[in-house]
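Residues -28 to -1, 1 to 997 in mature numbering (1 follows the signal peptide of the UniProt record, and there is no 0) are what the sequence shown spells out, letter by letter. See structure below.
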Amino acid sequence: MKNSLKQVLLCAGLFLIVLFTGSSVTYAQNQGTMNVVSIEEPKWIFNSGTNKGKYHDRQDLGFVLGSGSQLKIRQTNPNFKKNLNLRLLGNDSKREKSVNVGSSWVTISATEALVPFIDTPYGNQNAAIEYTIVGGKMQKTLPTYQYKKNEQAFFTLWNQTDAEYALVKGAEFQLLIPKQDKALAKKMNGYTSLDDLIETYKEIFAFFDQMAGFDNSSKTNQNGKNRYFLKADNSGAGGAYYGENWTANSESSVDMWLTKDHWGVLHEIGHGYQISFDGNGMYTGEVSNNIFASRYHYNKYGKKADEMSWLFDYNRKNIVENNLYNSMINNKLTYDAVNLREKLILLTLLNQKAGEKAFTKMYQGYREAANQPNFNSSNYPLPNLLNQYYSENAQLDFSPVLEGWGLTLDPLQMEKNRLRGYSPVASLANVVPQNKLPEARRLIDPTIVVTSNFEMVKNSDIQPLGLKGDLEVKVNAQDINELKDVKVRLMDGHKIIQEQSIQSNTLTFKNIPNGIYSIAFTGEPMKHYSTNQHYVYIKESKNKQEVTLNKLAISKLADQRINFLGLGDNNFGELSTNINQGIATVKITDESPHSYFSGETYVNVKIKNSNGTIKFEKTIQGTKAIKKTDNISIKIGDIIEIYHVEARSRLVSNEKIVDSNRNTNYWTVTKNGLKNTTLNNNPEQDLLNKIEASATILSSDPVIKNSDIIQSDAKKNLLVAINSLPEPKKTQMLEKYSELLHLTKPEEVEKPVAPINLATAEVTHNVAKFKWNAGNSQPVTTFVVFRDGKEIARTSKLEYSDASVVPNTTYKYSVAAINAAGVSSEKSTELALKTLKEPVVEIELPTTPMNIKATTITKDSVSLSWSAATSPVGISGYIVYRNGVNVGVTKTASFVDNNLKANTNYSYQISALDTKNQESAKSTLFTVKTKEEAQGSTTWINTKIYVGGDRVFYNGLEYEAKYWTQNNRPDSSDAWKLLSNVLLTWDKDKIYVGGDQVIYEGKTYVSSWWNKGSEPGKTSVWVLK
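Quick look at the structure:
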């Protein structure tokens, strides 16, 4: 803000004037007033997760507060209703101070020379301050330089005052320079003048703004008015850092900010432009900011940037390239597994092939979505956004590249790319043999700026090389005879390169030009099959590829994903289901989910059969987790159990299937999806909702809407989902979406004959197996199995094994048939089966729980964990004894004991229960003492800097910092996350996000999305629990 806004009242006798270059300089003042200008808060930017100097902008008071001085200050505009924040800043955050300023006088003192600033408030109303300085030395004027002013006069003033700091102001930033850097500021590294420095920073910010799409084309594409604040911080982390209140060089000097083309400058400024899709589906925390930096360097310097950019390690390109080839080709690593520089190279090359506008459109599109009601960032994984915006902008298919990096993609976007005829794209090293790469580089490199063995190419780019190879495709299918005469095509966009018919499970394609191709299967049988493998590579003279075709009995719409979040809400893993293939996948992608739970169970996943026998268990500790993907066989009726220490907000799904009030959730696998045993959600209704949503999406895209169902897995899955519904809903849905699915109306299709000859195949105490024959009618695709009148399964076989039965019980089974049009037969005649009595087996008692420990201790609660017990029949739970008394039963190896007395010893013992309700011996006594009663706000210190993960107590409650913060009260700031197991009263000044719970007028409410000031019970954002 301009100095003309300041109105300084000077007291006679208490100021000193020094004359130089025809002007006067005030060296001391003990009273003053100043107007503080407010600016509009760019919520549309912040809502998208972009920080962009959120709390950086501030206005100096014009002087350096001397050591031993006290500054008394208050806000005097009665129309300004907020508090201001005054900071005393220098070059060491540990010695800096801040204080909230309201209408009453407050005092802050300086133990060393520091510069007072008022943080620029957001809003429409300007503020005004009045201040008085008491004691200490006479205050020095803060030398300030602005663009196109007199640089010599600036340095003359600095020399005359010998001020400890000076300030350089640009339209986009402010730079606080300590006196130790005065000589460097006069003769900078690469800059010819302060104006040159300001112009360069203006160029950097303008380039980054352009990349991020701040072009004023819409409200959400307007830029904010707040400026960055650059400084030194001798107590800062690492070499430099970006924070909410400033970005700093982590030493006492600002030499980094005074050095032209310094990578650190671009890197730290870039952090402010990151957005909330970063880290969602792929790690980009210390990568995406460098995309801004590398783009700037290569845009400005062209290929010469290889020598000066961190991208290729400052002219060590050959070493970097060899390492990347070993990582991606020889060692077959994924994107997640390569280092930060290699991640940056891959994303830079991807962006280059897509075109510069693709990145910008992605930012603009996401920002627009983030400002809509009910926005949920978890629904926008970055891999999907890249595939959507990059493919659509370049009209190329980036699916094989991203999928080849090991990233999970939205199948619908992949399908859109293929149906639109986009030519697929691959890295050069994936389609050209290593010995031919130099020749290929000579062909491609002159046409692009950033060059690499992994530069992206489409097939026509490398066609002049004349390279060709053969491809052997092995088709895996349950019954290859059902697929006889199905045509298999290698496609480049809409162009058919070669075609073969299935006669056996092996096909050979000869003399295919090197490249990446989509593989398409066409023919009537393909209405009932799908595949996850849609691309093949021709690189060597001989190439092989296996493709699995899965018969669709259960729709992908029934599949679900549950995400595991850790420190800073980082997504470190997930559980997903593929019910059609009978697979649950548990994927862990981070070795340190939460450092505060080192050596302790953070997440535990169990999968049990319907009888409670554990078939899979995985424990993930807070640190030293093993990055791995496990695929587990599952069946209808199986139980999935997930324990998360912080389930309240860190066990999440984009569907409402997680009970955030319980650390342990249980789901039953059904043919329609997962049923949470405590939420008691209706999977059938959930599936119906997804059918409607999917049909709406497919109908809105003309290419998909008009496509043949044989080439559209999305349509196949929609049809299978509809066919799984009970009547009359199934017929209603088939009629409603017959045009989309290109179906003959059900009433025009002959109803199939019901299955016949149901007969017992095998019966034990826990399995009932039976078989049948198909009726003599048109081809049948699916059989529906009913038990006691209720559907329990679907199968394409002529037999079924029911493993969810109990001993010594009679069941009645019937079967119906469904044809290709989705029309169902009547039910067959019933078959009555009685299971055998359970064999009498003497079962050992469960083992005794061991290694009891207290994971969290507060003044009124103790969180316990222990090593899981074992039993031949499985563990059903644990009994917790406190001082010899049973105080609770838990199904997991952890327990939170609440409502305890402060500063008191408690003794605990744990016993285990097996699925036969047998109790183990009690564990050895474990004694723990609760913490003393927290005294007010003594634990949290308003002047202290906290970073993400730091924990404090405030008013007896425990909080965890989400990110860098200072002087933000834990009970009212969204910088803090409440850890204590309590619900707080709604606060109109506090920011809430989706899932937060509050008490208001005696009732409990849950927030549906981000909100502030929305009163529970009167606005739709709050849902009564």
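We treat Cβ as the ideally placed atom computed from N, Cα and C, and that holds for glycine.
Please say whether residue j and residue i have beta carbons closer to each other than 8 Å?
| i | j | result |
| --- | --- | --- |
| Phe284 | Leu322 | no |
| Asn522 | Ser502 | yes |
| Leu368 | Val397 | yes |
| Ala746 | Val739 | no |
| Val834 | Thr807 | no |
| Leu316 | Ser266 | yes |
| Thr48 | Ala100 | yes |
| Val900 | Tyr878 | yes |
| Leu357 | Phe249 | yes |
| Val978 | Leu956 | no |
| Phe426 | Leu400 | yes |
| Gly62 | Ser10 | no |
| Asp959 | Ser945 | no |
| Thr116 | Asn161 | no |
| Pro355 | Ile488 | no |
Just the C-alpha distance for residue i and residue j, rounded to the nearest angstrom, thanks.
| i | j | result |
| --- | --- | --- |
| Ile526 | Val641 | 12 Å |
| Asn221 | Asp168 | 20 Å |
| Phe331 | Tyr270 | 16 Å |
| Gln336 | Gly185 | 6 Å |
| Trp130 | Ile241 | 28 Å |
| Glu699 | Leu318 | 51 Å |
| Ser299 | Ala309 | 9 Å |
| Val795 | Lys701 | 13 Å |
| Thr650 | Asp922 | 33 Å |
| Leu139 | Asp417 | 45 Å |
| Glu904 | Ser843 | 39 Å |
| Gln132 | Ala342 | 51 Å |
| Tyr103 | Pro88 | 11 Å |
| Asn19 | Asn542 | 18 Å |
| Asn653 | Arg634 | 15 Å |
| Ser696 | Ser605 | 22 Å |
| Phe588 | Val577 | 8 Å |
| Glu802 | Lys809 | 22 Å |
| Leu730 | Ile663 | 33 Å |
| Ser710 | Leu690 | 11 Å |
| Asn359 | Leu374 | 8 Å |
| Ala143 | His28 | 13 Å |
| Gly211 | Arg288 | 22 Å |
| Ser(-6) | Tyr352 | At Ser(-6), the pLDDT of 36 sits below 50, so the modelled position is not reliable and the matter cannot be decided from this model. |
Assign residue i to buried or exposed, taking buried as 16 or more other Cβ atoms, counted over all protein chains shown, within 10 Å of its Cβ.
| i | result |
| --- | --- |
| Ile728 | exposed |
| Val857 | exposed |
| Ser(-25) | In this predicted model, Ser(-25) has a pLDDT of only 37, less than 50, meaning its place in the structure is not dependable; the value taken from the coordinates is given anyway. Exposed is the call here. |
| Arg30 | buried |
| Arg622 | buried |
| Lys644 | Correcting the residue identity first, residue 644 is Asn in this sequence and not Lys. Under this definition Asn644 is a buried residue. |
| Leu996 | exposed |
| Gly908 | Low confidence applies to Gly908: its pLDDT is 39, below 50, so where it sits in the model is not reliable, and the reading given next is rough at best. With fewer than 16 Cβ atoms within 10 Å of its Cβ, Gly908 is classed as exposed. |
| Gly196 | buried |
| Ser797 | buried |
| Thr601 | exposed |
Hey, does residue i have any beta-carbon neighbour from chain D nearer than 8 Å?
| i | result |
| --- | --- |
| Phe536 | Any reference to chain D falls outside this structure, which holds one protein chain only. |
Practice item. Could I get the ranges of all uninterrupted alpha helix (DSSP H) runs contained in the segment 183 to 249, with 4 residues as the minimum, in chain order? Key: Segments of the alpha helix (DSSP H) lying fully in the segment 183 to 249: 235 to 243.
Practice item. Let me know the beta strand (DSSP E) ranges lying completely inside the segment 425 to 464, each 3 residues or longer, listed in chain order. Key: With a minimum length of 3 residues, the continuous beta strand (DSSP E) runs that stay inside the segment 425 to 464 are 428 to 430, 440 to 448, 459 to 464.
Practice item. Would you check if the segment 3 to 17 and the segment 74 to 88 touch, i.e. whether three or more CB-CB distances between them fall below 8 Å? Key: At 8 Å Cβ cutoff, the stretches do not touch.
Exercise for review: Tell me, please, whether the segment 841 to 854 touches the segment 874 to 887 by the rule of three or more beta-carbon pairs shorter than 8 Å.
Suggested key: Yes: the two stretches touch, three or more of their Cβ pairs being nearer than 8 Å.
Exercise for review: Inspect the CB distances between the segment 225 to 240 and the segment 145 to 153 and report whether three or more fall short of 8 Å.
Suggested key: Flag = yes, the segment 225 to 240 and the segment 145 to 153 touch.
Check your understanding: Using 8 Å as the threshold, is the segment 497 to 514 in touch with the segment 672 to 685, meaning 3 or more CB pairs across them?
Key -> Under the Cβ criterion (8 Å, minimum of three pairs), the segment 497 to 514 counts as touching the segment 672 to 685.
Check your understanding: Taking one C-beta from the segment 156 to 170 and one from the segment 121 to 128 each time, how about it: are there three or more such pairs within less than 8 Å?
Key -> Because the criterion of three Cβ pairs below 8 Å is met, the segment 156 to 170 and the segment 121 to 128 touch.
Point to revise | Three or more C-beta pairs below 8 Å linking the segment 730 to 744 and the segment 769 to 783 | key: Yes, they touch.
**Study point:** Cβ contact check for the segment 542 to 562 and the segment 858 to 865: 3 or more pairs under 8 Å
**Key:** Taking a cut-off of 8 Å on C-beta distances, the segment 542 to 562 does not touch the segment 858 to 865, as fewer than three cross pairs fall below it.
Point to revise | Ordered list of beta strand (DSSP E) runs contained in the segment 105 to 135, each at least 3 residues | key: Taking only runs of at least 3 residues, the beta strand (DSSP E) segments lying wholly in the segment 105 to 135 are 116 to 118.
Exercise for review: Counting only runs of 3+ residues fully inside the segment 7 to 56, write out the beta strand (DSSP E) ranges in chain order.
Suggested key: Those beta strand (DSSP E) runs which fall completely within the segment 7 to 56 and span 3+ residues are 30 to 32, 42 to 47.
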